[in-house]
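For reference, the structure is listed below as structure tokens.
2 protein chains.
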Amino acid sequence: MKPTLQDVADAVGVSRSTVSNAYSRPDQLSAALRAKILDAARRLGYPGPDPTARSLRRGFVGAIGVLFTSELSYAFTDPFAVRFLAGVGQVAERHGTSLLLVPLPADRDRARAAVDNAAVDGFCVYCVGDEEHVLGAIRDRGLPLVTTAPRPDAGPADRFVGIDERAAARSVAAHVAGLGHRRVALLADTVLPAPPGPLRLADPGDAPHPTTRGRLTGFADAFAAVGVDWPAITVLNATGNSRAAGAAAVAPVLSGDDPPTAVLACSDVLALGVLDAAGPRRGLSVSGFDDVAEAADAGLTTVRQPAEEKGRLAAALLLEPPADPADGHLLLPTDLVVRTSTGPVPRS
Amino acid sequence: MKPTLQDVADAVGVSRSTVSNAYSRPDQLSAALRAKILDAARRLGYPGPDPTARSLRRGFVGAIGVLFTSELSYAFTDPFAVRFLAGVGQVAERHGTSLLLVPLPADRDRARAAVDNAAVDGFCVYCVGDEEHVLGAIRDRGLPLVTTAPRPDAGPADRFVGIDERAAARSVAAHVAGLGHRRVALLADTVLPAPPGPLRLADPGDAPHPTTRGRLTGFADAFAAVGVDWPAITVLNATGNSRAAGAAAVAPVLSGDDPPTAVLACSDVLALGVLDAAGPRRGLSVSGFDDVAEAADAGLTTVRQPAEEKGRLAAALLLEPPADPADGHLLLPTDLVVRTSTGPVPRS
DNA sequence: AGTAGCTTCTGAATCGATACAGCACTGAAT
DNA sequence: ATTCAGTGCTGTATCGATTCAGAAGCTACT
Chain A
0 MKPTLQDVAD AVGVSRSTVS NAYSRPDQLS AALRAKILDA ARRLGYPGPD
50 PTARSLRRGF VGAIGVLFTS ELSYAFTDPF AVRFLAGVGQ VAERHGTSLL
100 LVPLPADRDR ARAAVDNAAV DGFCVYCVGD EEHVLGAIRD RGLPLVTTAP
150 RPDAGPADRF VGIDERAAAR SVAAHVAGLG HRRVALLADT VLPAPPGPLR
200 LADPGDAPHP TTRGRLTGFA DAFAAVGVDW PAITVLNATG NSRAAGAAAV
250 APVLSGDDPP TAVLACSDVL ALGVLDAAGP RRGLSVSGFD DVAEAADAGL
300 TTVRQPAEEK GRLAAALLLE PPADPADGHL LLPTDLVVRT STGPVPRS
Chain B
0 MKPTLQDVAD AVGVSRSTVS NAYSRPDQLS AALRAKILDA ARRLGYPGPD
50 PTARSLRRGF VGAIGVLFTS ELSYAFTDPF AVRFLAGVGQ VAERHGTSLL
100 LVPLPADRDR ARAAVDNAAV DGFCVYCVGD EEHVLGAIRD RGLPLVTTAP
150 RPDAGPADRF VGIDERAAAR SVAAHVAGLG HRRVALLADT VLPAPPGPLR
200 LADPGDAPHP TTRGRLTGFA DAFAAVGVDW PAITVLNATG NSRAAGAAAV
250 APVLSGDDPP TAVLACSDVL ALGVLDAAGP RRGLSVSGFD DVAEAADAGL
300 TTVRQPAEEK GRLAAALLLE PPADPADGHL LLPTDLVVRT STGPVPRS
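In order, the protein sequences belong to chains A and B.
If you're matching positions, the first sequence starts at 0 in numbering that gives the first Met the number 0 and goes up one per residue.
If you're matching positions, the second sequence starts at 0 in numbering that gives the first Met the number 0 and goes up one per residue.
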């Protein structure tokens, strides 16, 4: 077996506490003794205090959990998520804190178990939808929590960093409406659990996922302002946040008669999928959301939100909690980025 | 304070062990009693067994460490690393294992401390260079270890999954040499700790980082075969693995007289940087390494290696250790992918 | 009735460290 | 000579669970 603190203590002939101090509180013992202890430890092959035992005793772990409420590989598939994670990592690095990426099983009970078993001091949840049960599990554990969206069920201790989804969405939609588009489709990932393609949604406020709800509502606002009411707008459901899913969702309406002249997507990745599906057909205006790297290359009109900064702030909110809880809610600025994927309505 | 197992036990009037069993070994007690216990736990707000305490007692954690031997954000900046990580995540997900991303400080002592403090059952090290001290720290802890390259100092328990770097490099270089290029430059990240630009390296085998060494040697092999000896080859040093670093490293020789007709980079990201720097100037052949997504768009000739598969296998090697240690060394296939970035030598 | 065989539950030991009060000793101030 | 403050180290309690041998209770069979 690996030697423990006790073994080192015995070898040197001091108490366990003294060996512990040699590692964690060098000022508590003479340099000579400390050297002697460290030396004996090396000789015995003692690898230093066991992290688990230390955490138990100390009451904290030195790691924060990062949750993506969909399969873990989503985190690495979506460029926006990757940059968010990079931001979180930067701040964690500064604090000597590790990041625990917890894969969440789809099954709710198992997802809860995964959260319950995570040895962390707090959670940073990258919200992509319906994660109440996960947030509940975190709150039950009494751990601090940062989400990337304001939540209807936010607890008093919850902190968040996000954008004004509705206003941001309104800004692109107003741009598209301003170009004259009146026959439009909105595209989002899992508006409802339904197959890809058009979907009937009585009201944008009925979308269950807060982010999607906010964006759809913002889109609706802008079109309502130019006289296009909700029922006249097509809602497209994508089954996943990927180019392929975006393409699949939009395909049926593109090939139908009376296709929309503009598609507003709730993410760049979906929007790129629309461009893929539309192919060389010009005249279709497409907008995205987030402004990921690929958007610029594709000339995609979109709404920029600061990805890394969002991650940095989320981590900071967790690791350097604001004295005043009121400062725990951060709203980030967004910018409308107009590129070539949107243009005037083509004359029939 | 949060209630503990004991509190729940007291509330129900059973022993601590029984409550523990209710959570971890449902078959050890009657369904009725279990329900009663879980119910009381809910009422008291007991969040379930403490992960840290559980790990301590059980002797394992349920998480594996993933190390990138450079700043953590590197992991999210390099597309190849991201895909590798995604692969690791897939397998971890299957095993209900979490991923601990440990930021490694540049300072060696602090890096060692970071490794020592990580509560994990094993490490998966994404090698990008000079990480002996980190590997040493892991071995001292007696934890299983998977690297992405065979290491000169590999311990008996070390496992790895990688490619034949030298042969792979030889394949692109042979392609470039076959096109007639004789005045060539090789580009790698941190060949030596030196400023960006040309570098004197007596022999490709002198490069300290195993991966770089393997690739440079392979490049050299192919050119030696057509009569171009090592001293005639320019080695370019990049200070980082990024487009910008690649561009900066190549700039001086492009603007010099007698520029190379081909640049062979040790990563796609660097190669893309070379294309950036070369701008519209045609005639310069450029090759990369890895075949990341952007390579295809840029028409970059490169060597493909299976990124996600590498990650999956690395995780599998850690989580499902092969019975025979000899099976712990995996060599993956590579493919030469010829695109438009390489072509014949332009006539003066 | 006695005992064998189950199932269900208990108690004590254990995992490997940290925190804290307190003890012994030293040197300086009174 | 006596008190006082300051070092440097020790001993014990504690963190919150899991494990395992074995007790208790119950059925069933001879």
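Ideal Cβ placement from N, Cα and C applies to all residues, glycine included.
Own chain partners of residue i with C-beta closer than 8 Å, once the 5 adjacent residues on each side are dropped
{"i": "A117/B", "result": "G64, L99, V101"}
{"i": "V60/A", "result": "S54, A118, V119, D120"}
{"i": "V249/B", "result": "A184, L186, L235, V262, G272, V273, A276, A277"}
{"i": "G47/B", "result": "Y22, A40"}
{"i": "A166/B", "result": "G217, T333"}
{"i": "G95/B", "result": "G61"}
{"i": "G204/A", "result": "R212, T216"}
{"i": "P194/A", "result": "N236, T238"}
Beta carbon of residue i nearer than 8 Å to that of residue j
{"i": "V262/B", "j": "R303/B", "result": "no"}
{"i": "R150/B", "j": "D139/B", "result": "no"}
{"i": "V87/A", "j": "C123/A", "result": "yes"}
{"i": "L317/B", "j": "L329/B", "result": "no"}
{"i": "V90/A", "j": "A315/A", "result": "yes"}
{"i": "A10/A", "j": "L43/A", "result": "yes"}
{"i": "P251/A", "j": "P320/A", "result": "no"}
{"i": "P2/B", "j": "Y45/B", "result": "yes"}
{"i": "G239/B", "j": "D202/B", "result": "no"}
Assumed close pair residue i, residue j - CB separation to whole angstroms, cut-off 8 Å
{"i": "I137/A", "j": "V114/A", "result": "6 Å"}
{"i": "V344/B", "j": "H180/B", "result": "6 Å"}
{"i": "D68/B", "j": "L32/B", "result": "Correcting the residue identity first, residue 68/B is Thr in this sequence and not Asp. Wrong, their Cβ atoms sit about 51 Å apart, outside the cutoff."}
{"i": "F288/B", "j": "T301/B", "result": "6 Å"}
Spatial distance of residue i from residue j (CA atoms)
{"i": "A219/B", "j": "D228/B", "result": "8 Å"}
{"i": "L271/A", "j": "G278/A", "result": "11 Å"}
{"i": "A247/A", "j": "S97/B", "result": "32 Å"}
{"i": "G177/B", "j": "S340/A", "result": "42 Å"}
{"i": "P230/A", "j": "D257/A", "result": "16 Å"}
{"i": "Q5/B", "j": "T147/A", "result": "36 Å"}
{"i": "T260/B", "j": "G298/A", "result": "32 Å"}
{"i": "A52/A", "j": "T17/A", "result": "17 Å"}
{"i": "L142/A", "j": "L66/B", "result": "26 Å"}
{"i": "L182/B", "j": "D326/B", "result": "At residue 182/B the sequence reads Arg, which differs from the Leu that was named. One C-alpha to the other measures close to 42 Å."}
{"i": "L37/B", "j": "R57/A", "result": "28 Å"}
{"i": "P50/A", "j": "K35/B", "result": "35 Å"}
{"i": "A168/B", "j": "E92/B", "result": "33 Å"}
{"i": "R15/A", "j": "E130/A", "result": "45 Å"}
{"i": "V13/B", "j": "M0/B", "result": "21 Å"}
{"i": "F222/A", "j": "P25/B", "result": "56 Å"}
Same chain only: Cβ atoms within 6 Å of residue i, ignoring 5 sequence neighbours per side
{"i": "Q27/B", "result": "N20"}
{"i": "E307/B", "result": "R82, A85, G86"}
{"i": "L144/B", "result": "F122, I137, D157"}
{"i": "I162/B", "result": "Q304, L331, T333"}
{"i": "G226/B", "result": "none"}
{"i": "D290/B", "result": "T301, R303, V336"}
{"i": "L134/B", "result": "none"}
Own chain, CB closer than 7 Å to residue i, minus 5 neighbours either side, in chain order
{"i": "E164/B", "result": "T210, G213, R214, G217"}
{"i": "F75/A", "result": "V81"}
{"i": "V190/B", "result": "L198, L200, A206, T211, V234, N236"}
{"i": "K309/B", "result": "F83, G86, T147, V160, L331"}
{"i": "L253/A", "result": "A276, A277"}
{"i": "G342/B", "result": "L178, S284"}
{"i": "R338/B", "result": "G298, L299, T300"}
{"i": "A422/A", "result": "Not covered by the structure: residue 422/A. The range shown for chain A is 0 to 347."}
Heavy atom of the ligand ADP within 7 Å of residue i beta-carbon
{"i": "P305/A", "result": "The ligand ADP is not part of the structure shown, which contains no ligands of any sort."}
### Query
Does the region 294-305 of chain A come close enough to the region 258-277 of chain A that 3 or more CB-CB pairs lie under 8 Å?
yes
### Message
Quick test of the definition: if touching needs 3 or more C-beta pairs under 8 Å, does the region 101-110 of chain B touch the region 271-288 of chain B?
### Response
Remark: fewer than three beta-carbon pairs, one from each stretch, lie closer than 8 Å, so the region 101-110 of chain B and the region 271-288 of chain B are not flagged as touching.
### Message
Any contact between the region 229-242 of chain A and the region 169-177 of chain A? By contact I mean 3 or more CB pairs, one from each, below 8 Å.
### Response
Using a C-beta cut-off of 8 Å, the region 229-242 of chain A makes no contact with the region 169-177 of chain A, since fewer than three inter-stretch Cβ pairs fall below that distance.
### Task
Specify whether the region 212-226 of chain A and the region 241-256 of chain A touch according to this definition: at least 3 beta carbon pairs, one from each stretch, less than 8 Å apart.
no
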